[in-house]
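Every letter in the sequence shown is one number past the one before it in the UniProt record's numbering, and letter 25, counting from 1, is 25.
C-beta: ideal position from N, C-alpha, C; glycine also.
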Amino acid sequence: MTISLQLEPEIETRLIAQADAQGTSVEELLSRLIEGFLKASATSNTLLQDSPQKKTEQFLRWAKSHSDIQAPILSDYDISRESIYSREDEML
Numbered sequence: 001m002t003i004s005l006q007l008e009p010e011i012e013t014r015l016i017a018q019a020d021a022q023g024t025s026v027e028e029l030l031s032r033l034i035e036g037f038l039k040a041s042a043t044s045n046t047l048l049q050d051s052p053q054k055k056t057e058q059f060l061r062w063a064k065s066h067s068d069i070q071a072p073i074l075s076d077y078d079i080s081r082e083s084i085y086s087r088e089d090e091m092l
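Structure representation (structure tokens):
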């Protein structure tokens, strides 16, 4: 199926950047996002009825589905309060 979307230029730029960061095409990225959204909406109704064990399994499966994201590992200092506030002070 082919779908045309009118996106704001800023959204389009961010979408292209996200696809590049993940090493994929915009079409593939959108396809994965839509598929994930549809799966989430289909399962969201059953989450209230699921057992804690099943919720844990679903969460772990969801977390593993993000393993292809190429994000840098942050050190303890990078996420420390001191680091955050010193960066904010430098911007002033």
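Between residue i and residue j, what straight-line distance do the alpha-carbon atoms span, to the nearest angstrom?
i	j	result
Phe-59	Ile-79	24 Å
Glu-10	Ile-84	27 Å
Gln-18	Phe-37	17 Å
Leu-5	Ile-73	35 Å
Ala-21	Ile-69	8 Å
Ser-51	Glu-57	10 Å
Ala-42	Ile-16	28 Å
Leu-92	Leu-48	46 Å
residue 93	Arg-61	Nothing can be reported for residue 93: it is not among the residues displayed for the chain, which extend from 1 to 92.
Ala-40	Ala-71	23 Å
Ile-34	Gln-53	27 Å
Thr-24	Glu-88	33 Å
Ser-65	Arg-14	21 Å
What is the residue span of the alpha helix (DSSP H) that residue i lies within?
i	result
Thr-56	52-64
Pro-9	9-21
Met-91	81-91
Measuring CA to CA, which of the options is closest to residue i?
i	options	result
Val-26	Asp-89, Lys-39 and Glu-12	Glu-12
Met-1	Asp-89, Lys-39, Ser-31 and Ser-86	Ser-31
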